[in-house]
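Asker:
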Amino acid sequence: MRVSITGTGQLLDLQRKLRAAGHENIRSSMQRRIRRAAEPLKSDLQDSIGSLNITSEGRKRGKRGGPSPTTRPLRATIAGAIRISVRTTGNPGARVWVDRSALPPDITNGVLVRLNEGRLRHPTFGNKKRWSQQNATPLWWDRPIRNHQPRMAREVARVLDDVQRRLS
Numbered sequence: 097m098r099v100s101i102t103g104t105g106q107l108l109d110l111q112r113k114l115r116a117a118g119h120e121n122i123r124s125s126m127q128r129r130i131r132r133a134a135e136p137l138k139s140d141l142q143d144s145i146g147s148l149n150i151t152s153e154g155r156k157r158g159k160r161g162g163p164s165p166t167t168r169p170l171r172a173t174i175a176g177a178i179r180i181s182v183r184t185t186g187n188p189g190a191r192v193w194v195d196r197s198a199l200p201p202d203i204t205n206g207v208l209v210r211l212n213e214g215r216l217r218h219p220t221f222g223n224k225k226r227w228s229q230q231n232a233t234p235l236w237w238d239r240p241i242r243n244h245q246p247r248m249a250r251e252v253a254r255v256l257d258d259v260q261r262r263l264s
């Protein structure tokens with residue numbers, strides 16, 4: 097699950113001009129300002145997953161139960177794996193994503209996509225012969241992104257204009 101805001105042509109032209117002018121401080125300032133524009137989205141996504149309401153139908157009569165085999169909280173684990181990166185070379189832009197390397201191996205992209213769709217199906221207490229389904233508020237990832245995209249696009253455009261003005 098990734099989100100990218102890019103102005104590839106503009107950023108590539110600007111990168112060439114920066115390299116030719118040798119202005120390292122302008123480039124680092126540009127990266128810092130683009131990252132700062134993406135920070136509210138990251139914190140909004142972390143709040144969104146942290147407050148996500150996950151429910152289940154509960155234990156049925158006569159069924160066994162017990163404590164969870166893991167002690168890690170799902171929402172906090174996913175929130176901690178949300179990252180931001182800013183690139184000005186290659187494929188330039190700002191990217192917000194869930195870093196799979198920061199997640200345990202049992203939480204896959206499929207789990208994240210289904211959780212965004214509003215359902216989570218998993219083995220009951222690790223038993224792959226018995227499965228449970230839990231329901232969540234759908235679009236925990238998509239809504240904050242849609243809300244932040246216009247603001248981020250404006251901020252990045254403003255940063256690019258400022259840098260181009262400084263280079264001229």
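Everything in the sequence shown is counted per this note's numbering, starting at 97 for the first residue and increasing by one. Heads up, the beta-carbon is just placed ideally off N, CA and C, and yes, glycines get one too. Quantities reported herein were computed from a predicted structural model and do not represent experimental measurements.
For I130, which of helix, strand or coil comes out of DSSP?
Answerer: Here I130 sits in helix by DSSP.
Asker: S147 by DSSP, collapsed to three states: which one?
Answerer: It is coil, neither helix nor strand.
Asker: Give me the Cβ distance between A60 and N149, rounded to the nearest whole Å; I'm assuming they're in contact under 8 Å.
Answerer: There is simply no residue 60 to check, as the chain begins at 97 and stops at 264 in what is shown.
Asker: Given this structure, state the Cα-to-Cα distance separating P234 from K113, to the nearest angstrom.
Answerer: Each residue's alpha carbon lies about 44 Å from the other.
Asker: Rounded to whole angstroms, what is the Cα-Cα separation between S181 and S152?
Answerer: About 35 Å.
Asker: Cα separation between S264 and L110?
Answerer: Roughly 11 Å between the two C-alpha positions.
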